[in-house]
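Heads up: the protein sequence lines correspond to chains F and C, in order. If you count the first sequence from 1, you need to add 486 to reach the working numbering. If you count the second sequence from 1, you need to add 486 to reach the working numbering. Every residue, glycine too, gets a C-beta built ideally from N, C-alpha and C. Here the structure is laid out as structure tokens; the discussion comes afterwards.
2 protein chains.
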Amino acid sequence: MVQRKRVTLRDLAEHLNINTSTVSRALSEKSSEMISPDVVKRVRKAAQEMGYKQNAAAYALKMGSTKTIGMIIPDLMNPVFPPIIRGIQSVLDQYGYTAFLAYSENNEGTAHTEVERLISRGVDGIIYAAAFRTDSVVDLCKSQGIPLVLVNRVVDQGDVDTVKVDDSLGIKMAVDHLLDLGHRKIGFIAGPKNISVSYIRLRAFTRTMAEHDLEVEPHRIVEAHALSEAAGEQAMSVFLGQNPDATAIIASNDLIALGCFTALKQFGYTCPKRMSIVGFNNMPYLDWFATPLTTVSIPHFQMGERSAELLLKRIKADNVDYNEEVLLKPKLVIRKSTAPLIASKKKSGST
Amino acid sequence: MVQRKRVTLRDLAEHLNINTSTVSRALSEKSSEMISPDVVKRVRKAAQEMGYKQNAAAYALKMGSTKTIGMIIPDLMNPVFPPIIRGIQSVLDQYGYTAFLAYSENNEGTAHTEVERLISRGVDGIIYAAAFRTDSVVDLCKSQGIPLVLVNRVVDQGDVDTVKVDDSLGIKMAVDHLLDLGHRKIGFIAGPKNISVSYIRLRAFTRTMAEHDLEVEPHRIVEAHALSEAAGEQAMSVFLGQNPDATAIIASNDLIALGCFTALKQFGYTCPKRMSIVGFNNMPYLDWFATPLTTVSIPHFQMGERSAELLLKRIKADNVDYNEEVLLKPKLVIRKSTAPLIASKKKSGST
DNA sequence: TACTCTAGTGCAAACGTTTGCGTTATTCAA
DNA sequence: TTGAATAACGCAAACGTTTGCACTAGAGTA
């Protein structure tokens with residue numbers, strides 16, 4: 487039975503010999519109370535039997551709301567994002583919203599055009615996980631008046647809804663952990679500084695070190711050109727070249743940390759014996775690794791949930807004026823890639 | 487500058503003192519040739535300047551096509567699917583299509599309701615990666631007349647577009663590999679048999695063994711209740727209990743293979759010395775694992791591409807009558823979880 | 001000059017909803 | 001018995017497009 491034509495309100499109305507407006511009201515939860523109970527019953531029964539499904543396009547055209555949102559992800563291959571998406575979906579489902587998925591390829595240009603496409607599709611809001619520290623997407627959304635919430639990566643300008651984790655705290659925990667283990671000559675492989683998380687984590691590193699009266703010299707910091715494995719390997723290679731004495735490294739990212747591993751191997755160094763490594767994000771399956779990575783864990787799923795909730799709230803109440811910032815707590819998970827500084831090396835605090 | 491109201495065709499028309507129909511035609515690539523060139527130029531210039539964006543809802547309502555499709559994924563946490571999605575997106579982008587993302591949680595019921603929601607949203611087609619061997623979703627799509635293509639998991643009834651990989655060949659390669667290494671007492675941890683891949687891989691296992699005159703006894707096969715790590719561990723435990731003599735195992739899935747690892751550990755067995763393990767799918771980051779898993783690799787990204795191409799083709803040409811099946815080739819990637827059978831054990835073929 | 005053609009535009013209907021307002025029928029109070 | 005009040009429903013417009021058809025003006029032909 488191939489029913490090529492969808493059944494419409496009018497079909498139902500004609501079948502029941504009533505007006506389409508009555509059918510519409512009877513089907514709506516809100517306005518069904520202005521219709522007599524038995525008509526409501528008959529309409530709903532008929533709708534059920536004839537397989538009526540509301541035409542989303544017509545609804546959207548009439549109401550100006552599509553009950554859809556867009557998600558922009560820098561890269562699905564990064565295992566951090568699936569759980570976030572999962573969290574978003576879980577709350578969206580409860581409110582009858584559906585999500586478009588788009589990639590930015592970590593490129594602001596494509597992010598911009600993707601957002602334009604989504605806006606043109608009439609999304610009610612956007613969850614943006616691919617922000618740079620200055621990003622034209624937020625201006626675009628503001629000018630079009632469509633709700634936007636930033637996840638994880640935020641933007642320098644303050645007036646926008648965000649849900650992020652306390653990166654500074656995370657780095658502080660990582661540094662403290664290494665300090666506890668006796669490490670002093672600690673390096674940092676930073677991510678691109680036009681991304682907030684990279685920038686913030688780097689600053690938190692130097693600041694935390696400073697709080698312990700440890701000054702970090704410039705050669706102790708190398709910036710990877712991307713938050714990826716390859717970029718991490720490359721950066722770690724130059725780091726090792728100029729830091730033969732370093733005993734521990736903090737990577738801006740788990741992926742970068744992986745790159746550090748392979749660079750380490752190329753130098754014939756072992757982890758954690760020769761050098762401790764700590765990452766950031768706690769990507770899945772880390773426990774299975776040859777040397778399980780110590781890393782700071784962030785509540786991916788919860789981040790997704792919170793951002794969806796925030797967005798929905800903004801969509802409902804149209805007060806774009808005020809913005810909210812939800813800050814989630816990270817957690818250090820200690821595995822095998824960090825170990826106490828071996829006694830054979832002479833310990834020297836910074837002068 | 488918050489421009490709350492989107493600019494419409496009528497806005498453009500009034501601004502240029504022409505009719506909306508002329509504007510519409512001037513903007514359309516097809517029908518712009520029936521409009522005088524300089525009007526076309528003026529219209530497009532104005533559209534550019536005033537920031538006109540076509541209202542997708544109105545277009546969809548009028549034309550009956552939303553230029554959207556839906557993707558149903560059993561579980562995003564399974565690292566196999568992100569690359570597939572990536573592949574789908576890559577071709578969708580080229581044709582101006584956008585994709586909804588939904589989960590089935592490996593549950594036919596929720597898959598069904600999600601598909602209904604997507605259909606109600608007016609998607610032009612659906613890519614379904616979560617099929618069971620008999621699945622009401624394909625009947626649903628057929629009855630509604632909306633194009634459907636199955637990826638990876640297929641369905642017993644034959645008359646539907648699918649893109650899958652040659653699972654039988656994959657298993658054959660795995661078996662041959664183990665045989666080459668000298669193994670004879672080989673077990674199989676199957677997935678739920680209501681999923682095509684599980685079923686096909688299991689059959690391929692017994693058949694390949696038979697082709698080598700090796701009969702596989704029933705206790706050599708244990709079915710996990712899901713394609714997950716936990717289920718794999720559980721199944722492997724019962725397997726090890728009833729197969730103290732087995733020297734190799736094939737898992738229906740990488741995730742199940744991981745479960746096998748932990749069950750192995752609980753029995754105090756080592757891999758690959760005491761037992762070889764081979765998985766299926768070649769999920770990311772396997773190279774990093776403590777004992778890198780030998781597994782059969784499938785072309786995830788390409789699967790996504792092909793399925794999107796197939797779907798788009800079906801959407802264009804409305805011939806739902808004929809269906810196509812594209813079959814991709816797997817590849818065995820040998821890592822460290824498989825090793826030659828140690829000589830100390832007495833080799834015995836099956837009687 | 002009068003005719004037909006055609007290129008270029010305008011008119012208006014339609015897609016399927018929702019909703020303000022008008023209409024009818026019923027109830028209740030006086 | 002009459003009035004107003006209320007409950008239930010119908011009418012029609014509107015959301016922003018696309019497109020078949022009608023219309024106009026200028027060009028070409030006889």
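Problem set entry | Contact check, F/Val525 vs F/Thr508, beta carbons under 8 angstroms | yes
For this session: Using the DSSP secondary-structure output, state which residues sit across from C/Asp647 in a beta bridge.
Result: Residue pairing by DSSP places C/Asp647 opposite C/Val635 in a beta bridge.
For this session: Use the C-beta contact count for F/Gly582: other C-beta atoms within 10 angstroms, 16 or more gives buried, fewer gives exposed.
Result: exposed
Problem set entry | Sequence ranges, beta strand (DSSP E) only - wholly within the segment 529-575 of chain C, length at least 3 | 554-559
Exercise. For the alpha helix (DSSP H) that contains C/Glu600, what are its first and last residues?
Worked result: 594-606
Problem set entry | For C/Tyr685, three-class secondary structure by DSSP | helix
Exercise. Any idea what DSSP makes of F/Thr837, helix, strand or coil?
Worked result: Note on F/Thr837: pLDDT 34, under 50, position unreliable in the model; the coordinate value appears next. F/Thr837: coil per DSSP, three-state reduction.
For this session: Indicate whether the contact test is met: 3 or more Cβ pairs, each with one atom in the segment 585-602 of chain F and one in the segment 593-604 of chain C, closer than 8 angstroms.
Result: Flag = no, the segment 585-602 of chain F and the segment 593-604 of chain C do not touch.
For this session: With a 10 Å radius around its C-beta and 16 neighbouring C-beta atoms as the bar for buried, classify F/Gly537 as buried or exposed.
Result: exposed
Problem set entry | Own chain, CB closer than 6 angstroms to C/Thr780, minus 5 neighbours either side, in chain order | Val764, Ile820, Arg821, Ser823, Thr824
Exercise. Skipping 5 residues on each side, what residues in its chain have a beta carbon closer than 7 angstroms to that of C/Thr506?
Worked result: Leu495, Arg496, Ala499
Exercise. So with Cβ pairs under 8 angstroms, would you call F/Thr694 a contact of chain C?
Worked result: Not one chain C Cβ lies under 8 angstroms of F/Thr694.
Exercise. Just the Cα atoms here: how many angstroms apart are F/Glu811 and F/Pro785?
Worked result: One alpha carbon belongs to F/Glu811, the other to F/Pro785, and they sit about 16 angstroms apart.
Exercise. If you measure from the beta carbon of F/Thr552 to each beta carbon in chain C, is any gap under 8 angstroms?
Worked result: yes
Problem set entry | chain F within 8 angstroms of C/Ser514, Cβ atoms only | no
Problem set entry | Touch test, the segment 570-581 of chain C against the segment 783-801 of chain C, Cβ-Cβ under 8 angstroms, three pairs minimum | Remark: three or more beta-carbon pairs, one from each stretch, lie closer than 8 angstroms, so the segment 570-581 of chain C and the segment 783-801 of chain C are flagged as touching.
For this session: Output yes if chain F places a C-beta closer than 8 angstroms to the C-beta of C/Ile605; else output no.
Result: Closer than 8 angstroms to some Cβ of chain F, the Cβ of C/Ile605 qualifies, so yes.
For this session: Consult DSSP for C/Ser590 and reduce its assignment to one of helix, strand or coil.
Result: coil
For this session: Anything in the segment 529-545 of chain F with a Cβ closer than 9 angstroms to a Cβ of chain C? List those residues in chain order, please.
Result: Answer set for the segment 529-545 of chain F: Gly537, Lys539, Gln540, Asn541, Ala542, Ala543, Ala544, Tyr545.
For this session: Less than 8 angstroms between the CB atoms is what I'm expecting for C/Phe674 and C/Ile707, so what's the real figure, rounded?
Result: 5 angstroms
For this session: For C/Glu701, name the three-state secondary structure that DSSP assigns.
Result: coil
Exercise. When Cβ atoms are compared, which residues of the segment 577-588 of chain F fall closer than 7 angstroms to chain C?
Worked result: Thr584, Ala585, Phe586, Leu587
Exercise. How is F/Gly754 classed by DSSP in three states: helix, strand or coil?
Worked result: coil
Problem set entry | Proximal residues, the segment 664-676 of chain C versus chain F, C-beta separation under 8 angstroms | none
Exercise. For C/Arg689 versus C/Ser738, is the C-beta spacing smaller than 8 angstroms?
Worked result: Taking a C-beta distance under 8 angstroms as the contact criterion, C/Arg689 and C/Ser738 do not qualify as a contact pair.
For this session: Output, in sequence order along the chain, the residues in the segment 693-726 of chain C whose CB is closer than 9 angstroms to any CB in chain F.
Result: none
Exercise. Where C/Asn729 and F/Ser783 are concerned, what is the direct C-alpha to C-alpha distance, given to the nearest angstrom?
Worked result: 39 angstroms
Exercise. Whose C-beta lies closer than 7 angstroms to the C-beta of F/Gly835 among residues of the same chain, with five residues either side of it excluded?
Worked result: Because F/Gly835 carries a pLDDT of 40, less than 50, the predicted location of this residue cannot be relied on, and the following value inherits that uncertainty. Arg670.
Exercise. Per the contact definition of three or more C-beta pairs closer than 8 angstroms, is the segment 544-561 of chain C in contact with the segment 609-624 of chain C?
Worked result: With a cut-off of 8 angstroms, the segment 544-561 of chain C and the segment 609-624 of chain C count as touching, because enough Cβ pairs lie within range.
Exercise. What is the DSSP secondary structure of F/Glu811, counted as helix, strand or coil?
Worked result: Strand.
For this session: In the DSSP assignment, find the alpha helix (DSSP H) that holds F/Ile657 and state where it starts and stops.
Result: Run containing F/Ile657: 653-666, per the alpha helix (DSSP H) assignment.
Exercise. C/Pro565 CB to nearest chain F CB: under 8 angstroms?
Worked result: Yes, because at least one Cβ of chain F sits closer than 8 angstroms to the Cβ of C/Pro565.
Exercise. Does the segment 769-778 of chain F come close enough to the segment 767-781 of chain C that 3 or more CB-CB pairs lie under 8 angstroms?
Worked result: yes
Exercise. If you drop the 5 nearest sequence neighbours on each side, which residues of the same chain put their C-beta closer than 6 angstroms to that of F/Lys817?
Worked result: Ser783
Exercise. Relative to the alpha-carbon of C/Gly631, which residue among C/Thr620, C/Asp652, C/Val609 has its alpha-carbon at the smallest distance?
Worked result: The shortest Cα separation from C/Gly631 among C/Thr620, C/Asp652, C/Val609 belongs to C/Val609.
For this session: Give, in chain order, every residue of the segment 748-778 of chain C whose Cβ lies closer than 7 angstroms to some Cβ of chain F.
Result: Tyr771, Trp774, Phe775, Ala776
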